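Written out below as structure tokens is the structure these notes cover.
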């Protein structure tokens, strides 16, 4: 615990009744009022998340787009200024370095938002493959990040800014945005990790705590809840959003994880992993990520083995009892032969093998407005 | 933290209530609070034998699985089947509605080795 890091919002956690855990070297709240309550608040009202632990890496210079096209699997040429894109970095063998969001700040300036635990690895990876005319800097410590998510997210946030938030469409952002009672400028994008509408807000680490408190106050009347990593995980899981270290890893490719939409093997540029990923796209992969739902009583959990007859066919990447659906469900990476809908499989839950079946994902889709 | 005086407590956060020649077992208020929202309880069947300190079931929250360790040895004579449909009782009423099993102890001297409420509280405060 000697080296554990804390976000600028840490001093607020205790007042809000948080339980904290070590998450990738960060002392983060796993829950405040309770995972189920926080989950439900985000699905029906609004939830506020401290995600200041996320990494922020700047890539700048005249050749920055050319460079990023060689390390990112999505096609960066498809987005214009003030737009963001979900993308992946891969190893030559197709395994995943990280999944991330890239923000196009300007023609020659990009912000990469990466997973907290991968920040140093990603930064080194980018520097290793850097070309001339590009500068790469890790600004993670200088930035705070807050997410407000849920059907009431816009209503609450709009109380604090004169920027018309309705003009920020999905996966677009605005900068500079100012907030009442908060110094400095923020970047606001309509993005998130919950399956709900909402925003992610980046601003100076020094003022992120002020914005946190302003939003909690502004959201009081709609019943906003501070949300910890526990509910963040159940929310993203129901919406079938991948978590690095579970659905993605050094040994799991984005194609296997069902993220083919973010892997543009037809883009002209050769990017790292392209050959393998193109082959996986054309010929299919030996294993695939599927949704499973328990038939027998029991809850699938990360790391549990999956069997068919006596053969091990894969493992559970994430599983829990879905707070929204009240079903025991999971995501599992299994041999492609067993991925057809309704296929029965067995999940090894401690000393027993329990029946489950393959179901479609996402488990949850937000109702159309 | 609610710690009834008439119960005995194990290091693994189970409580034991002596009822004549049988004992009722559950998990403590502290344990349920640490685990968070309980969504699933897995218990043994009537007739199963528990061995002291061995796992006899599990309690699952949204986030984690936690094993139940037998505070004493003995034969299961009753199981709280209501927890199948209402695992939230563990959070709401850990000492009443969320009792888990009733056991006929095979060695009642094991009960005396369990902690009193005061000793259990002292153990929690040390953590």
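Chains as they are written, first to last, in our numbering: chain X, 73 to 441; chain F, 1327 to 1453.
Even glycine gets a Cβ: it sits at the ideal position worked out from N, Cα and C.
Small disclaimer: the values here were computed from a predicted structure and weren't measured.
_Close-in-space but distant-in-sequence residues of the same chain around residue 76 (chain X) (CB under 8 Å, 5 per side omitted)_ = 94, 97, 98 and 99
*So what does DSSP say about residue 73 (chain X), is it helix, strand or coil?*
Bear in mind that the predicted position of residue 73 (chain X) carries a pLDDT of just 48, short of 50, making it unreliable; the figure below should be weighed with that in mind. Residue 73 (chain X) sits in coil when the DSSP states are folded into three classes, being neither helix nor strand.
_Distance between residue 1386 (chain F) and residue 1369 (chain F) (C-alpha atoms, nearest Å)_ = 12 Å
*Does residue 317 (chain X) get closer than 7 Å to chain F when you measure Cβ to Cβ?*
no
*Compare the C-alpha of residue 338 (chain X) against each of X:271, X:321 and X:146 and name the closest.*
X:146
*asked:* For chain F, check one thing: does any of its Cβ atoms lie closer than 7 Å to the Cβ of residue 302 (chain X)?
replied: Yes - at least one Cβ of chain F is within 7 Å of the one on residue 302 (chain X).
*Terminal residues of the continuous alpha helix (DSSP H) containing residue 425 (chain X)?*
Segment 424 to 431 is the beta strand (DSSP E) holding residue 425 (chain X); no alpha helix (DSSP H) there.
*Give the straight-line distance between the Cα atoms of residue 140 (chain X) and residue 148 (chain X), rounded to the nearest whole angstrom.*
8 Å
_Please confirm whether residue 1383 (chain F) has its beta-carbon closer than 7 Å to some beta-carbon of chain X._
no
*asked:* Against chain X, does residue 1411 (chain F) count as a neighbour if the rule is that its beta carbon must be under 7 Å from one of theirs?
replied: no
*Enumerated in chain order, which unbroken segments of the alpha helix (DSSP H) with a length of 4 residues or greater are wholly contained in the region 293 to 362 of chain X?*
301 to 310 and 346 to 355
*asked:* What residue range does the beta strand (DSSP E) around residue 207 (chain X) cover?
replied: Counting along the chain, residue 207 (chain X) sits inside the beta strand (DSSP E) bounded by residues 207 to 210.
*With DSSP collapsed to three states, give me the class of residue 1426 (chain F).*
Reduced to three states, the DSSP call for residue 1426 (chain F) is coil.
*Which residues in chain X sit within 9 Å of residue 1362 (chain F), going by Cβ to Cβ distance?*
91, 102, 103, 106, 107, 108 and 302
*Within 7 Å (strictly less), CB to CB, does residue 230 (chain X) reach chain F?*
no
*Kindly indicate which residue of X:205, X:179, X:200 and X:169 has the alpha-carbon position closest to the one of residue 188 (chain X).*
X:169
*Which one of X:402, X:246, X:126 and X:122 has the shortest CA to CA distance from residue 285 (chain X)?*
X:122
_Using the three-state DSSP reduction, which class does residue 131 (chain X) fall into: helix, strand or coil?_
strand
*Among X:422, X:360 and X:342, which residue has its Cα nearest to the Cα of residue 371 (chain X)?*
The residue with the shortest Cα to Cα distance from residue 371 (chain X) is X:422.
_For residue 94 (chain X): DSSP bridge partner residues_ = X:99
*Can you find a C-beta in chain X that's less than 7 Å from the C-beta of residue 1388 (chain F)?*
yes
*State the start and end residues of the unbroken alpha helix (DSSP H) segment that holds residue 228 (chain X).*
Membership of residue 228 (chain X) in the alpha helix (DSSP H) is indicated by the continuous run 225 to 230.
*First through last residue of the alpha helix (DSSP H) which encompasses residue 1449 (chain F)*: 1443 to 1452
*asked:* Here's a check: name, in chain order, each residue in its chain whose Cβ is nearer than 7 Å to the Cβ of residue 1413 (chain F), leaving out the five neighbours to either side.
replied: Setting aside the 5 residues that flank it on each side, residue 1413 (chain F) is surrounded in the same chain by 1364, 1365, 1366 and 1367, each with a C-beta closer than 7 Å to its C-beta; the list follows chain order.
*Kindly list, in the order they appear in chain X, the residues whose Cβ is closer than 7 Å to that of residue 1427 (chain F).*
The premise fails here: residue 1427 (chain F) is roughly 17 Å from chain X at the closest Cβ pair, so nothing lies under 7 Å.
*Start and end of the alpha helix (DSSP H) containing residue 1355 (chain F)?*
That run of the alpha helix (DSSP H) goes 1355 to 1361.
*residue 1391 (chain F) touches chain X at which residues, Cβ-Cβ below 7 Å?*
373
_Pair within 7 Å by beta-carbon distance, residue 165 (chain X) and residue 348 (chain X)_ = yes
*asked:* I want to verify the contact list: residues of chain F whose CB lies under 7 Å from the CB of residue 460 (chain X), in sequence order.
replied: Chain X is shown only over 73 to 441; residue 460 (chain X) falls outside these bounds and no answer can be derived.
*Does the Cβ-Cβ distance between residue 184 (chain X) and residue 129 (chain X) come in under 7 Å?*
Yes, they are a contact pair.
*DSSP state of residue 221 (chain X), grouped into three classes?*
It is a strand residue.
*If I'm right that residue 360 (chain X) touches residue 408 (chain X) with Cβ under 8 Å, what's the distance once you round it to whole angstroms?*
So it is a contact: roughly 5 Å between Cβ atoms.
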